[in-house]
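Since the structure comes first, as structure tokens, the remarks are kept for the end.
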Amino acid sequence: MSIPYINRELSWLEFNQRVINEGARGDLPPLERLKFLAIAASNLDEFFMVRVGGLETLRSLEESRADPAGMSPGKQLRMIRQRVEVMAEETERVLEEELFPELARHKIQALPVERLKPGQVDHVADVFAESVLPLLTPVELRGGEVGIGMVPALCPCLLCEIGSSEEAGNAGLRRVLVPLPATLNRFIQLPNTSGYRFVLLEDVAKNFIGSLFPDELVRSCGLFRLTRSSDISLEEDAYDFARQMVDVLAERQRGACVRLEIDGSFPPGLIDDLRSIVGARESHVYSSAVPLGIRNFMELAGNSDFEALQEVPWAPVIASGWVPGTDIFSCLSAGDLLLHHPYESYDPVMAFLEQAAIDPDVVSIKQTLYRTASNSRVITALITAAENGKSVTVVVELKARFDEARNLERAEELVRAGAQLIYGVKGLKTHCKATLIVRKESNALRRYSHFGTGNYNEVTARGYTDISYLTAREGYGKEAAQLFNALTGGIKLREMKHLTVAPFLLRKKLLALINTETKRAGKGEDAGIDIKVNSLQDEKIIEALYAASSAGVKIRLNVRGICCLQPGIKKISKNIEVSALVGRYLEHARVLSFHNGGNTRVFFSSADLMKRSLDKRVELMVEVTDDPVKSRLLAVLGGHFKDNAQAYRLESDGTYQRLKPKKGKKAFRAQEYFQRRAIKSAGRVTAAQEMRLLPHRPPEQSGIIVEDAS
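For the sequence shown, position 262 matches number 558 in this note's numbering, and the numbering has no gaps at all.
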């Protein structure tokens, strides 16, 4: 029997709409609004590459099987287009009617070439001739077609119609593709102007492209932007997994068209030619009245010269319990350290790794890596440790989508430094976040552990809300060792007290926790479940939550993005409330609590409640038993459920309604509350500095097969 279920793709689009809603808020500074619109555009790019790309593949295979919401791939694609068009109209309205005019009043303005003064025209002409023209590579389209691989994705391109002269009429016309390299600066600043007035690269290129074709006439020219499918799979049995990943990255450059954006002034006579070139259906084409690739405007939104038009930044504070510059291991010997990022600085995590790298008493470091910063201090610390003769083992996930190239590059550095490298495990993505450090103390070995909900990335730690837990408790250390033994040596994982690992036992554990509350409610006892995650899509978890609600369990869910559960349905989900929060930070922490007859059990996790997380990834859920730590995590949950200003309520029909304070009640914004709470707890000490299975081994290493998780 099917259960009430909201389509995953449409639910994700509702999340992106909430991001756009922040861009539409008139009470935010203009560049903060522009930032949200740029984020929404970037999100949508990835959505088309991955999710729409997958649906297009299913449709091309004539796969008509419906999803749990009863929609075929074709129907999902049609509904996605309808929803995206509405979102695009809203984005264009906000930009054209509100943001661009407001920024112009602050002397931040894009000017068309035809509005420039003669001296400014000379300047942009010189910029084009000296800095743009030498990098352009025109590609003639013989027969009107060219391989799609010649068209770069996600960057502006020009399609030009070239003739020998006006007298020749249509005789001898040819089509030429001119990509505008992503390495070029999109914003060409104008000299001798107040404020920040600029011309967009594509406008300059369109106006001066004729110099690329001497003795010929550019009859027409149109701007477009291509999005390709990145739904590309790997052969998991490949001998050299890293080399195959290089091939996959190359294949991604030839992915099929899933979206074709054209400038509002694109010549109608060239559209059919363009569609033929990139293999686009009519349903792939989206016309835009605003600049293509709004994601690039993040550069403008984050320009440090315009602080008055941005949100006042919140400085992370140093959590109480650790003093910068002191020995992190002595600190952890005295007690556990729980951090709520980015309100609390990432410094202690970095100190944990960087001190270990040079500490003569540290003998080994083991760590999982999923997404890292561009110039990662984390990887630098691991390299230093290996060069200092410590045993360093790194499980680096090469299948972290869109971070594969960076992970490959840094992985090679680790190997050269002498680290033992594991390229994930067969058939699964290694998404858990764990570090285990072993140190010699008093003629014995002691384990120190770090577990988190976020990546080991000191850059995103400034903008993502996450949980870090550092402990010297032996029970956690022993179980972390078992986890790494399974990842690197194929040792069979058994059920553990503190750690629960997907895909082996995590769904089973979650269902057991939910069912315990269901049974208690059935006996008339108090029962409750509070969960904060990024996504809720797994059918078995949703079905269990429906059963718990029907039994009388009070369930509160805070789900940032996709939520396929339908709340508020009589006799099924009337006891379930679902909220979603969008603020200046990206909500990324996963925290779960179960009433358990008054002896509340509290967990944090790297996993979302999605089928892929529970079946196709190595994930980790950690139970905390220390009362102060439990209290802090419960406060994190409580703050999110209390928000009545930045939060939305999910209705049973899949729509979201923004919450407002009830009459006579004050507005409560959870993220502001957590920032104030962190400052108060730390005594206003700000961070001293910003934080910047079957093992897949390099061919020269050997591995042991891990037992098939299925």
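Quick reminder that beta carbons are idealized off the backbone N, C-alpha and C, glycines included.
In three-state terms, what does DSSP make of residue i?
i    : result
Y969 : helix
H884 : coil
A768 : coil
G824 : strand
K662 : strand
A669 : coil
R482 : coil
S525 : coil
D511 : coil
T731 : strand
Y642 : coil
M594 : helix
M906 : coil
A941 : coil
V420 : helix
D923 : helix
Y842 : helix
T726 : strand
Y301 : coil
P475 : strand
R555 : strand
At the level of alpha carbons, what is the spacing between residue i and residue j?
i    : j    : result
E388 : A336 : 13 Å
L946 : L832 : 13 Å
A730 : L649 : 12 Å
I827 : D569 : 51 Å
G771 : S641 : 26 Å
I567 : R470 : 15 Å
G773 : Y582 : 53 Å
K804 : C860 : 20 Å
P799 : D834 : 13 Å
K793 : Q967 : 32 Å
L407 : V495 : 5 Å
A963 : I865 : 28 Å
T749 : L916 : 9 Å
D655 : H727 : 28 Å
D601 : L395 : 18 Å
R735 : V315 : 45 Å
G565 : G370 : 29 Å
I975 : S616 : 10 Å
R361 : S875 : 31 Å
E693 : N830 : 21 Å
R486 : Q405 : Checking the sequence shown, residue 486 turns out to be Leu, not Arg. Roughly 10 Å between the two C-alpha positions.
R965 : A552 : 43 Å
Q378 : A715 : 50 Å
N684 : N751 : 25 Å
Thinking residue i and residue j are a contact (beta carbons under 8 Å), I'd like their distance in whole angstroms, please.
i    : j    : result
H936 : D762 : That pair is no contact at about 14 Å.
H746 : E813 : Their Cβ separation, rounded to whole angstroms, is 30 Å, which puts H746 and E813 out of contact at 8 Å.
G319 : F332 : 4 Å
M646 : R667 : Not confirmed; about 16 Å, so no contact.
A840 : I810 : 4 Å
A823 : V849 : 4 Å
I838 : L853 : Contact doesn't hold; Cβ gap of about 10 Å is too wide.
P452 : L476 : 5 Å
L802 : A707 : Contact doesn't hold; Cβ gap of about 27 Å is too wide.
From the options, pick the residue whose C-alpha is nearest to that of residue i; which is it?
i    : options                   : result
V586 : V608, D559 and Y752       : D559
I614 : A630, D601 and L634       : L634
Y301 : S507, F593, R735 and S869 : S869
G950 : F343, A365 and Y760       : A365
K686 : A653, G934 and I484       : A653
F311 : I872, R928, K867 and G857 : G857
G491 : S561, V417, S764 and L596 : L596
R482 : G468, V500, T489 and V474 : V500
I851 : L888, H884 and Y881       : L888
L628 : R880, S561, E305 and R743 : R743
Q606 : L905, R329, A840 and P924 : R329
Y719 : K819, R886, Q663 and F424 : Q663
E498 : L454, R515, L391 and L473 : L454
S846 : V855, A817 and V574       : A817
G960 : R973, R954, N940 and Y944 : N940
V619 : D643, Y752, L795 and D422 : D643
I590 : Q862, A931 and S338       : S338
T433 : D623, A400, S298 and A478 : A478
4-residue-minimum alpha helix (DSSP H) runs that sit fully inside the region 331 to 415, ordered along the chain
349 to 356, 369 to 389 and 396 to 401
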